[in-house]
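Engineer: Got a structure for you, written out below as structure tokens; questions coming shortly.
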Amino acid sequence: MNIEDMKYIIEISKEQSITRAALKLYSTQPALSRKIQNIEKELNCSIFLRTEKGVQLTEEGKVFLDFANKTINNYNSMHDDILRINDPEYGNVSIGFTGTQAIFVLPHFLPKFKAENPHFTIKLIEGTSDEIEGKISEGEINIGIIHNPILNLNLDFFELSHDEMVIVPRKESNYLDFLYIKNNKKYIDLNFFKDEPVVLTETRQRSRLILDKIFDNAKITPKVKQITKNLSTLNTLSLIDYSTVMLPEKQISILSNTKEYYYIDEKYNTPYSFFVATLSDNNLSPSTQKLKAFLKAHQYSF
């Protein structure tokens, strides 16, 4: 058994299908089946349970998967350390991010970091915040840039860039009745949402968790007009005046200059910031530590 065999088992467990895993691994179903049989023979146990719908990990398989993830992570760290000994300017790091970070965060640090570390190999992995947290724990991603709240408290994390939710009201709504000014900033009283329908993101999404917290703080049950998966869709809906929406202020900044937005009272608002998340420092490769230190040095710079 070798590292590649472990990677095959990990991919099969993700896909829960030998056929789908074979397509991703540019292999064939018979070849992967033989690898599974050889590994199971070596371990003297069954790793997968075959079903009509595909395969599922056995209890022994779950133990092996945990071992495989840790082994590959340690192997990558060892490989990285050896490369660093031979060439301190060389490194290998993977960054996990959501579609939002691709627009609003990566441009602020990635070009500069790459320019300062031209021999670094950087792998970009896109996913949801939940997926990124999971892949950090599994060692597949070295550094994640995600939104709060951080659900896996075993991770190390720090706020990279502060942001907060603001209100983009529908023009035909009665938002002016709830408008007030404080410290030269325009606010909308959240009682506006007692009658004004709003489009929100899906329940599990970090943005929705923050909005639910805001409404809970104000003791308001919003009238949900529609649900969407993406903040970018909310952006679009606000531009065409389809609905009142709530968006992170830094994402509003790229909207049309004619589109006004309003703040939420601080006693109700909850930050919706960009966070850097990693394993604990003693489990990080030198390359990951270098990128983490770089991000820490650029904290709150955008």
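Every letter in the sequence shown is one number past the one before it in our numbering, and letter 24, counting from 1, is 100. All residues carry an ideal CB built from backbone N, CA and C; glycine is no exception.
1. Go to LEU236, then tell me how far its beta strand (DSSP E) extends in each direction, as first and last residue.
2. For the beta strand (DSSP E) holding LYS366, just list the boundary residues, first then last.
3. Using only alpha-carbon positions, find the residue among LYS368, TYR348, LYS270 that is nearest to SER356.
4. Under 7 angstroms between C-beta atoms, does THR346 make it to chain C?
5. From ILE217, LEU371, ASP206, pick the residue whose C-alpha is nearest to that of ASN359; which is it?
6. Per DSSP, what kind of secondary structure is LEU255 in: helix, strand or coil?
7. Rounded to whole angstroms, how far is the Cβ of ILE201 from the Cβ of ILE222, which I believe are closer than 8 angstroms?
8. With ARG126 as the anchor, note down where its beta strand (DSSP E) starts and where it stops.
9. Who are the near neighbours of VAL300 in its chain, counting only those whose CB is closer than 8 angstroms to its CB and skipping five residues on each side?
10. What's the gap between the Cα of ARG246 and the Cα of PHE234?
11. Between the C-alpha atoms of GLY175 and ASN120, what's the straight-line distance to the nearest angstrom?
12. Have a look at LYS138 and PHE124 and give me their C-alpha separation to the nearest angstrom.
13. Kindly list the residues whose CB is nearer than 7 angstroms to the CB of TYR339, restricted to its own chain and excluding five residues on each side of it in sequence; keep chain order.
14. So does the region 370-378 actually touch the region 293-311, counting three or more Cβ pairs closer than 8 angstroms?
15. Does ASN358 come out as helix, strand or coil in the three-state DSSP assignment?
16. In whole angstroms, what separates the C-alpha of ILE212 from that of LEU101?
17. Reducing DSSP to helix, strand and coil, say where ALA178 ends up.
18. Per the DSSP calculation, THR134 is bridged to which residue(s)?
19. Shortest alpha-carbon distance to HIS239 belongs to which of SER103, LEU323, ILE88?
20. I'd like the span of the alpha helix (DSSP H) that includes GLU116, first residue to last.
21. With distances taken Cα to Cα, identify the nearest neighbour of ILE316 among LYS335, GLU325, GLN327.
22. How about LEU266 and TYR337: do their beta carbons lie closer than 7 angstroms?
23. Might you give, ordered along the chain, the residues of its own chain that have their beta carbon closer than 6 angstroms to the beta carbon of GLN177, omitting 5 neighbours on each side?
24. Within a Cβ cutoff of 7 angstroms, which residues of the same chain sit near THR134, ignoring the five residues on either side of it in sequence?
25. By alpha-carbon positions, which one of PHE351, ASN150, PHE254 ends up nearest to MET82?
26. Three-state secondary structure (DSSP) at SER170?
27. Only counting runs of 3 or more residues, tell me where the beta strand (DSSP E) segments fall wholly within the region 258-322, in order along the chain.
28. In whole angstroms, give me the CA-to-CA distance for ILE290 and ALA191.
29. Answer yes or no: do SER363 and ASN168 have a C-beta to C-beta separation smaller than 7 angstroms?
30. Nearest by alpha-carbon distance to ILE179: which of SER361, GLN365, THR354, PHE350 is it?
31. I need the DSSP call for PRO324, collapsed to helix, strand or coil.
32. Can you name the start and end residues of the alpha helix (DSSP H) that THR197 belongs to?
Structural biologist: On the basis of the data shown:
1. Taking the sequence shown and counting its residues from 1, the one referred to as residue 236 is at position 160. Residues 232-237.
2. Mapped onto the sequence shown, residue 366 falls at position 290. No beta strand (DSSP E) holds LYS366; the alpha helix (DSSP H) holding it covers 362-373.
3. The count along the sequence shown starts at 1 and reaches residue 356 at position 280. Comparing alpha carbon positions, the residue from LYS368, TYR348, LYS270 closest to SER356 is LYS368.
4. You won't find chain C in this structure, because it holds only one protein chain.
5. As a working mapping, residue 359 is identified with position 283 in the sequence shown. Each of ILE217, LEU371, ASP206 was checked against the Cα of ASN359, and the nearest Cα belongs to ILE217.
6. Sequence index remark: in the sequence shown, residue 255 carries index 179 (1-based). Strand.
7. Here residue 201 is taken as the residue at index 125 of the sequence shown, counted from 1. Here residue 222 is taken as the residue at index 146 of the sequence shown, counted from 1. In this structure ILE201 is not in contact with ILE222, their Cβ atoms being roughly 12 angstroms apart against a cut-off of 8 angstroms.
8. For the purposes of this step, residue 126 is taken as residue 50 along the sequence shown, with counting starting at 1. In the DSSP assignment, ARG126 falls within the unbroken beta strand (DSSP E) covering 124-126.
9. Translated into positions along the sequence shown, residue 300 becomes position 224. Answer for VAL300: PRO273, VAL274, VAL275, LEU276, listed in chain order.
10. Within the sequence shown, residue 246 is the residue found at index 170, counting from 1. Within the sequence shown, residue 234 is the residue found at index 158, counting from 1. Whole-angstrom Cα-Cα distance: 35 angstroms.
11. As a first step, residue 175 is located in the sequence shown; it is residue number 99 there, counting from the start. As a first step, residue 120 is located in the sequence shown; it is residue number 44 there, counting from the start. Between GLY175 and ASN120, the C-alpha separation is close to 43 angstroms.
12. Within the sequence shown, the letter at position 62 stands for residue 138. Within the sequence shown, the letter at position 48 stands for residue 124. C-alpha separation (whole angstroms): 9 angstroms.
13. For this step, residue 339 is matched to residue 263 along the sequence shown. Cβ contact annotation for TYR339 (same chain, cutoff 7 angstroms, sequence separation greater than five): VAL242, LYS261, LYS262, TYR263, in chain order.
14. Result no; under three Cβ-Cβ pairs closer than 8 angstroms.
15. Position 282 of the sequence shown, counting from 1, holds the residue named residue 358. In this structure, ASN358 counts as helix in the three-state DSSP scheme.
16. Counted from its first residue, the sequence shown places residue 212 at position 136. Counted from its first residue, the sequence shown places residue 101 at position 25. Answer to the nearest angstrom: the Cα atoms are 22 angstroms apart.
17. On the sequence shown, position 102 is the one that residue 178 refers to. Note: ALA178 maps to helix in three-state DSSP.
18. Start at 1 with the first residue of the sequence shown, and residue 134 comes out as number 58. Paired residues: none, contrary to the question.
19. Stepping through the sequence shown from its first residue, residue 239 is reached at position 163. Note that residue 239 is Asp in the sequence shown, not His. Out of SER103, LEU323, ILE88, LEU323 has the C-alpha closest to the C-alpha of ASP239.
20. The residue given as residue 116 occupies position 40 in the sequence shown. Taken as a continuous stretch (DSSP letters only), the alpha helix (DSSP H) holding GLU116 covers 105-119.
21. Along the sequence shown, read from residue 1 onward, the residue named residue 316 stands at position 240. If you compare the alpha carbons of LYS335, GLU325, GLN327 with that of ILE316, the shortest gap goes to LYS335.
22. Here residue 266 corresponds to residue number 190 of the sequence shown, with the count starting at 1. Here residue 337 corresponds to residue number 261 of the sequence shown, with the count starting at 1. Contact flag unset, no.
23. As a position in the sequence shown, residue 177 is number 101, starting the count at 1. Within the same chain, Cβ atoms closer than 6 angstroms to the Cβ of GLN177 are found at ILE221, the five residues on either side in sequence being excluded.
24. Sequence index remark: in the sequence shown, residue 134 carries index 58 (1-based). The beta carbon of THR134 lies closer than 7 angstroms to those of SER122, ILE123, PHE124, LEU125 in the same chain, with the five residues before and after it left out.
25. In the sequence shown, the residue the question calls residue 82 occupies position 6. With distances taken between Cα atoms, MET82 lies closest to ASN150.
26. Within the sequence shown, the letter at position 94 stands for residue 170. Strand at SER170.
27. 261-264, 274-277, 300-304, all fully within the region 258-322.
28. On the sequence shown, residue 290 is found 214 positions in, with the first residue counted as 1. On the sequence shown, residue 191 is found 115 positions in, with the first residue counted as 1. When the Cα atoms are used, ILE290 and ALA191 turn out to be separated by approximately 40 angstroms.
29. One-based indexing of the sequence shown puts residue 363 at position 287. One-based indexing of the sequence shown puts residue 168 at position 92. Yes, Cβ-Cβ distance for SER363 and ASN168 is below 7 angstroms.
30. Taking the first residue of the sequence shown as position 1, residue 179 is located at position 103. Relative to ILE179, the option among SER361, GLN365, THR354, PHE350 whose CA is nearest is PHE350.
31. As a working mapping, residue 324 is identified with position 248 in the sequence shown. Three-state result, PRO324: strand.
32. By one-based count along the sequence shown, residue 197 stands at place 121. DSSP places THR197 outside any alpha helix (DSSP H); the residue lies instead in the beta strand (DSSP E), whose first and last residues are 196-202.
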